[in-house]
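Structure, as structure tokens:
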Amino acid sequence: MTEALCWLNGVLMPAAQARLPVLDHGLLYGDGVFEGIRFYNGRAFRLSRHLERLRRSAAAIRLTLPGDAGSFDAAVHDTIAAYGRPEGYLRLIVTRGAGKLGLDPGSCGEPNLIIIADELALVSEAVRNEGARVIVAATRRLGADGLDPRIKSLNYLNHILARLEAVNAGADEAILLNAAGHVTEGTADNVFLVRHGKLLTPPASDGALEGVTREVILELAQELGIERVETTLGPYDLHTADECFLTGTGAELIPVREVDGRPLAVCPGPVFSVLLAAFRRQVNRETAAPQLVARRQ
Ligand SMILES: Cc1ncc(COP(=O)(O)O)c(C=O)c1O
1 MTEALCWLNG
11 VLMPAAQARL
21 PVLDHGLLYG
31 DGVFEGIRFY
41 NGRAFRLSRH
51 LERLRRSAAA
61 IRLTLPGDAG
71 SFDAAVHDTI
81 AAYGRPEGYL
91 RLIVTRGAGK
101 LGLDPGSCGE
111 PNLIIIADEL
121 ALVSEAVRNE
131 GARVIVAATR
141 RLGADGLDPR
151 IKSLNYLNHI
161 LARLEAVNAG
171 ADEAILLNAA
181 GHVTEGTADN
191 VFLVRHGKLL
201 TPPASDGALE
211 GVTREVILEL
221 AQELGIERVE
231 TTLGPYDLHT
241 ADECFLTGTG
251 AELIPVREVD
261 GRPLAVCPGP
271 VFSVLLAAFR
281 RQVNRETAAP
291 QLVARRQ
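Going by my numbering, the letters in the sequence shown line up with residues 1 to 297, in that order.
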């Protein structure tokens, strides 16, 4: 097993040795933003989309990112190179920085920029192959009038409460509804359903993070001629779906076999399997080193 590595404000070190001040408002108040990024074949997948979202999240909380786009790119590349394995997961975090006790971000100095490289397996191989059991959590997703779900902030407590509900129920993951009772997403993943061969997912405006993997799946579905519909969904739609699956950088694609104790018609289903194969091909296409074309003599 490769040791987790950390790039902290420009210095690479084993993650176990990385230290932050206890007065960092990221720790005190969850004041900061982050991204989870996977790398394959030694290259970050859809890095520009992740960095765009990071920039938007930071702008939304009035956090000035240290450095420019190029310096983030370089830091990510250096971290992957130093980690030394072709595949893994990066957690890129920007905290408000160390300040005084009290919420005012104005007391904070420079933000801290952290990139952790490690392995991440959200579920076991068995769950990945046979499907996850999910529940609809009683804990609701915060709405845009509380904390806009498009901000990928360090505040995950209501997702953690939902995940605890899943653990208590002996399930693998929880789906959160919004205040109106509509499906939003999983605790760290977006949700898709298949009904009569159509791919359905809630619009991000119902309260989900605008997932990078979600976007890839919607693109691939279009290329494959699978009809895709972004529409408001309720627990009934989950309970009666032909197929259901979760997508995310950590999750990649996880099929769902049971929702609230109701087994789904098929798992892994045919639409899921086609999309999973297409996802793998796409990842390879975007991250594998360009093939040297043999020159004809
Ligand atoms: C709440 C939430 N929803 C969805 C996702 C999936 O987004 P992405 O595919 O960009 O990783 C994540 C990923 O971390 C998440 O935390």
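We put the CB at the ideal spot given by N, CA and C, even for glycine. It should be emphasised that the depicted structure is a prediction, and the values quoted were computed from it without experimental measurement.
- Taking C-beta atoms as the reference points, T95 and D31 count as a pair closer than 8 Å.
- Placement of the Cβ of V212 at a distance of less than 7 Å from at least one heavy atom of ligand 1 is found.
- Spanning the alpha carbons of P268 and V134 requires a straight line of approximately 14 Å.
- Around the beta carbon of Y83, 16 or more other beta carbons sit within 10 angstroms, so the residue counts as buried.
- Per the coordinates, the alpha-carbon of L113 lies some 17 Å from the alpha-carbon of I151.
- Straight-line spacing of the CA atoms in R228 and N178 works out to 22 Å.
- Within its own chain, the residues whose Cβ lies closer than 7 Å to the Cβ of A288, once the five positions on either side in sequence are excluded, are N41, listed in chain order.
- For L209, the shortest separation between its Cβ and any heavy atom of ligand 1 lies below 7 Å.
- G146 is the residue among A117, D242, G146 and V76 whose C-alpha sits nearest the C-alpha of G207.
- Secondary structure within the segment 201–252: the beta strand (DSSP E) runs of 3 or more consecutive residues, fully enclosed, are 228–230 and 243–248 (chain order).
- For I151, no alpha helix (DSSP H) segment is defined, and its DSSP state is neither H nor E.
- Comparing C-alpha distances from E119 to each of V283, G131, I37 and P203 shows the shortest one belongs to I37.
- Close CB contacts of I160 within its chain, under the 8 Å cut and outside five residues either way in sequence, are with T187 (chain order).
- Here the distance from the Cβ of E87 to the nearest heavy atom of ligand 1 is not below 7 Å.
- Judged by their CB atoms, V194 and D242 are nearer to each other than the 8 Å cut-off.
- In the three-state scheme derived from DSSP, where H, G and I count as helix and E and B as strand, P14 is classed as strand.
- For R133, no alpha helix (DSSP H) segment is defined; the enclosing uninterrupted segment is the beta strand (DSSP E) at A132 to V136.
- At a threshold of 7 Å, T247 counts as near ligand 1, since its beta carbon sits closer than that to one of the ligand's heavy atoms.
- N41 has its CB no nearer than 7 Å to any heavy atom of ligand 1.
- The Cβ atoms of T247 and R280 do not sit closer than 8 Å to each other.
- Shortest gap from the CB of G36 to any heavy atom of ligand 1: under 7 Å.
- Checking the 7 Å criterion, the Cβ of E286 is out of range of every heavy atom belonging to ligand 1.
- With contacts defined by Cβ atoms closer than 8 Å, A98 and C108 form a contacting pair.
- Per DSSP, reduced to three states, the secondary structure at V123 is coil, with no helix or strand assignment.
- By the CB criterion at 8 Å, F72 and L51 fall inside the cutoff.
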